[in-house]
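Visitor: Handing you this structure, nothing more for now.
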RNA sequence: GCCAGGGUAGCUCAGUGGUAGAGCACCACAUUCAUAACGUGGCGGCCGAGAGUUCGAUCCUCUCCCCUGGCACCA
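Residue numbers (my numbering): 2 to 477.
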């Protein structure tokens, strides 16, 4: 039985959702929707969720005068709302404070510990009391913490448990070379392989000073490092949900490039230690700038999903994010370009074409005989989509092709001038052709613009097709 | 510094050893079924710089300049 299991990262709850989170989750939604058509709804499992442990969450909660769990209970629903707003349909929303998750994480750690992949060691480094965490030497500015320059960092040692990443990384490298799992795009694959070849040290997977976390089962004075806890979420949900074992391993794990190292190396090391199958594909997309500037709190240019949806509508926002630049690369979200793309592609393109065909049908008294033929995804579109090239895939709907696509249909209508045709039989044939094309286009739009596709089906799968308000009103 | 990738029309990018392409923007024409939309045509580029190989290079080789990304625990 074919199946498709895909994941987004779980988002850290010390921030509310912004367009960066939305970008990854939207991409996953498009893929999930596509595979639901291809393999059947019941054979796709798409999870997202929130990461709720760790010192940073505890700190953010304290700022708001809440306990960490209370704080997470406020922020986690914000993510669910954002995904609802963007019409993202996940199958399961997973929170790392779920007791079922915590239990399995402990079991996994115990198992790996017993197998000898975890040992006790000393973690040492510069500890910032303000941040309550160890700092990287490279992070220090004039030997001080950039966030707390008035406090002297303390060189501190603590007992920690370490994962034998050095040993496991050799197996990882071998498995990457044997294509047991694939890192995409190729550029990222090369980067990871190069780093692995340079050699990797063992990593600390527990913390002594962080109380907000899952306790290390054999040493309650330590908590499990939040990253290990978070990575295991892809595994625990499969384990604690009934009848989900068949979905393992993940077919696709999507993320932004900043967390690729954790996913392509540390995560794989854990799975190898557990003797579990590895994910088939890990895909890291790039970062974007907003009008050429880095998105940051201090610049005040952080965009929320709501802002985009308010201005461009749900499917407008989805379209603009998916076509802003090639998925996988870094790019720019230019807000002025958004408006011009919206008007050119959605208002003047898709929306206008739907309007003109509907009006032609309405005024000519055309009676649509609803076709029972099953529709399919355009082959080139499907190929691009399966390679995660959303921009290109959507391009096949818009660009001119033989007997298909928006441009072709607009040209066809202009050439044949159906409003001048008096021969009823010929007029019927032409209008039927147009309507079938519109329905084909709607079918292919489904993974990307589900709401629009649905509206078109509703409007055109009728005997008497009526004109409707614009799908995408022009905006200035 | 090391390792990748890139520099092509105003913008975003595609492309090939032999008179340079698309979309958007802009201009003109045509047109009304349609959201002043659609269509047709046009404007617009010493294809980063220099040298080499070649009958011929944007495409191959070398040098240089510029840009971007990665470089170990960063949630």
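Ideal Cβ placement from N, Cα and C applies to all residues, glycine included.
(1) I think residue 26 touches residue 49, with their Cβ atoms under 8 angstroms apart; what is that distance to the nearest whole Å?
(2) Pull the bridge partners of residue 47 from the DSSP assignment, please.
(3) Do residue 215 and residue 107 have their CB atoms nearer than 8 angstroms?
(4) Which residues share a DSSP beta bridge with residue 256?
(5) Less than 8 angstroms separating the beta-carbons of residue 123 and residue 160?
(6) Is DSSP giving residue 106 helix, strand or coil here?
(7) Compute the distance between the beta-carbons of residue 206 and residue 164, then report whether it is under 8 angstroms.
(8) Tell me which residues share the same chain as residue 399 and place their Cβ nearer than 6 angstroms to its Cβ, disregarding the 5 neighbours each side in the sequence.
(9) What number of angstroms, rounded off, separates the C-alpha of residue 15 from the C-alpha of residue 412?
(10) As an exercise, report each continuous alpha helix (DSSP H) stretch of at least 4 residues that is fully enclosed by the region 181-257, in chain order.
(11) Residue 359 and residue 467 - do their beta-carbons sit closer together than 8 angstroms?
(12) Whole angstroms are fine: how far does the CA of residue 433 sit from the CA of residue 369?
(13) Using only the alpha-carbon positions, how far apart do residue 445 and residue 19 sit?
(14) Just tell me which of 349, 409, 233 has its CA closest to the CA of residue 51.
(15) Starting from the C-beta of residue 346, find all residues in its chain whose C-beta is less than 6 angstroms away, skip the five residues before and the five after it, and write them out in chain order.
(16) Taking the C-alpha atoms as reference points, what is the distance between residue 416 and residue 3?
(17) Between which two residues does the alpha helix (DSSP H) carrying residue 392 extend?
(18) Do the CB positions of residue 447 and residue 454 come within less than 8 angstroms of each other?
(19) If you draw a straight line from the alpha carbon of residue 284 to that of residue 33, how long is it in whole angstroms?
(20) Per DSSP, residue 161 forms a beta bridge with which residues?
(21) Using a Cβ distance threshold of 8 angstroms, determine whether the region 265-275 contacts the region 239-246, with at least three qualifying pairs required.
(22) Can you give me the Cβ contacts of residue 280 inside the same chain, cut-off strictly under 7 angstroms, excluding the 5 residues immediately before and after it?
(23) Would you tell me roughly how many angstroms separate the C-alpha atoms of residue 293 and residue 334, rounded to the nearest one?
(24) Can you name the start and end residues of the alpha helix (DSSP H) that residue 357 belongs to?
(25) For the alpha helix (DSSP H) containing residue 319, name the first residue and the last one.
(26) My output table needs one value for residue 1: the three-state DSSP class, helix, strand or coil.
(27) Output the distance between the C-alpha atoms of residue 57 and residue 291, rounded to the nearest integer angstrom.
(28) When the Cα of residue 126 is compared with those of 97, 114, 157, which residue comes out closest?
(29) Please list, in chain order, all residues of the same chain as residue 95 whose beta carbon is under 6 angstroms from its beta carbon, the five residues on each side excluded.
(30) When the distance is taken between beta carbons, is residue 231 closer than 8 angstroms to residue 11?
(31) Of all the options 438, 326, 379, which has the alpha carbon lying nearest to the alpha carbon of residue 1?
(32) Under DSSP, the alpha helix (DSSP H) around residue 275 begins and ends at which residues?
(33) By the DSSP assignment, the alpha helix (DSSP H) with residue 96 in it spans what residues?
(34) What do you get for residue 1, buried or exposed, if any count of 16 or more other CB atoms within 10 angstroms of its CB means buried?
(35) In whole angstroms, give me the CA-to-CA distance for residue 308 and residue 53.
(36) What residue range does the beta strand (DSSP E) around residue 333 cover?
Guide: Let me spell this out:
(1) 6 angstroms
(2) Per DSSP, 7.
(3) Residue 215 places its beta carbon less than 8 angstroms from that of residue 107.
(4) 285
(5) For residue 123 and residue 160, yes; Cβs fall inside 8 angstroms.
(6) helix
(7) yes
(8) 407
(9) 52 angstroms
(10) 187-198, 227-232, 234-241
(11) yes
(12) Rounded to the nearest angstrom, the gap between the Cα atoms of residue 369 and residue 433 is 7 angstroms.
(13) 28 angstroms
(14) 233
(15) none
(16) 45 angstroms
(17) Its alpha helix (DSSP H) spans residues 391-399.
(18) yes
(19) Approximately 14 angstroms, taken between the alpha carbons.
(20) According to DSSP, residue pairing for residue 161 in a beta bridge involves 122.
(21) no
(22) Counting only Cβ-Cβ distances below 7 angstroms, and skipping sequence neighbours, we find 182, 250, 251, 254.
(23) So the two alpha carbons sit approximately 8 angstroms from each other.
(24) 353-365
(25) 306-324
(26) Limits of the chain in this structure are 2 at one end and 477 at the other, which puts residue 1 out of reach.
(27) Residue 57 and residue 291: Cα-Cα distance of roughly 26 angstroms.
(28) 157
(29) 48, 50, 234, 238
(30) yes
(31) The chain is shown from 2 up to 477; residue 1 falls before or after that span and cannot be answered.
(32) 268-275
(33) No alpha helix (DSSP H) holds residue 96; the beta strand (DSSP E) holding it covers 93-96.
(34) Not covered by the structure: residue 1. The range shown for the chain is 2 to 477.
(35) 26 angstroms
(36) 332-334
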